[in-house]
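Add 855 to the 1-based position in the sequence shown for this note's numbering, that's all there is to it.
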Amino acid sequence: MTVLFLVLVTYPIIGGFAWFIGVLCYTFLFKYRQKEWDEIPEEIEPFVTIMVPAHNEEIVIENTIEYLMTKINYVHYEVLVTDDGSTDSTPEILARLQKKYDNLRVLRIEKNKGKAHAFNIGLGFAKGKLILSNDADTVPEPDCLNRYINYFLRPDSTNISAITANMDVLNRSKLIAKSQTVEFSSIVGIIKRTQIGVLGSIYAYSGARTQFIEKMH
């Protein structure tokens, strides 16, 4: 019991100190940190597939698709929704949106087997050289593709296979949303920055938004 108590008491202290050192490394030593980015000329834009796995997302899917279709500052891209066996009105909403946007494609999976399965199936149908994973209830910044692709076009990009984003909460009106803001900004953000600062890479990428180079299947 005494050993367990000591572990429970000392772990947060040691862990917090380690994360603090890691953040300092990220701030002062990480040579790949890039504050400025260049807008990519349209004629050299690589084609991107924004992959949106969806299961029973009737509440959010239309707003997400409308945003991806109208707010992204990029030309050569498509949105591929993998409908993972939705039983609500998600298929009807997507069918209506398909008639509106030529670069929206929908892949219907009859039996729900989870997000990972839907994403992997979608990879086989994606046309993009770069694949951006985007959750059905998540919207990126308008310049996200330019920002992400800048990393892949840099001279030192040979060891870069994926780029992930720092997530934030859009609607903070409820207590749980405010707690998620603290989680994303403080806990997750610090852990990622520590890993980058010390190791030059991170262990895990955000499933809500990560861009992969080429088709990884």
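A virtual CB, placed ideally from N, CA and C, is assigned to each residue, including glycine.
Everything numeric in this text was worked out from a predicted model, so none of it was measured.
When DSSP labels each residue in this structure, what does residue i get in the three-state scheme?
i, result
"residue 975", "helix"
"residue 908", "strand"
"residue 929", "coil"
"residue 945", "helix"
"residue 920", "helix"
"residue 894", "coil"
"residue 1072", "Low local confidence applies: a pLDDT of 39 at residue 1072 is under 50, so the model's placement there is unreliable, and no value is given."
So if DSSP puts residue i in a beta bridge, which residue, or which two residues, is it bridged to?
i, result
"residue 939", "964"
"residue 1018", "1066"
"residue 903", "932, 985"
"residue 959", "934"
Counting C-beta neighbours from all protein chains within 10 Å, is the total for residue i 16 or more, i.e. buried, or is it exposed?
i, result
"residue 920", "buried"
"residue 918", "exposed"
"residue 893", "exposed"
"residue 908", "buried"
"residue 1008", "exposed"
"residue 974", "buried"
"residue 914", "exposed"
"residue 950", "exposed"
"residue 912", "buried"
"residue 1015", "exposed"
"residue 865", "exposed"
"residue 990", "buried"
"residue 1018", "buried"
"residue 945", "buried"
"residue 799", "As shown, the chain starts at 856 and ends at 1072. That puts residue 799 outside it, with no answer to give."
Rounded to the nearest angstrom, how far is the Cβ of residue i from that of residue j, given a contact under 8 angstroms?
i, j, result
"residue 962", "residue 938", "7 angstroms"
"residue 1004", "residue 904", "About 13 angstroms; that fails the 8 angstroms criterion."
"residue 994", "residue 929", "Going by Cβ atoms, the distance from residue 994 to residue 929 rounds to 14 angstroms, so no, they are not a contact pair."
"residue 981", "residue 952", "That pair is no contact at about 18 angstroms."
*Give, in chain order, every unbroken run of the alpha helix (DSSP H) that is at least 4 residues long and sits entirely within the region 961–1014.*
970–978, 999–1008
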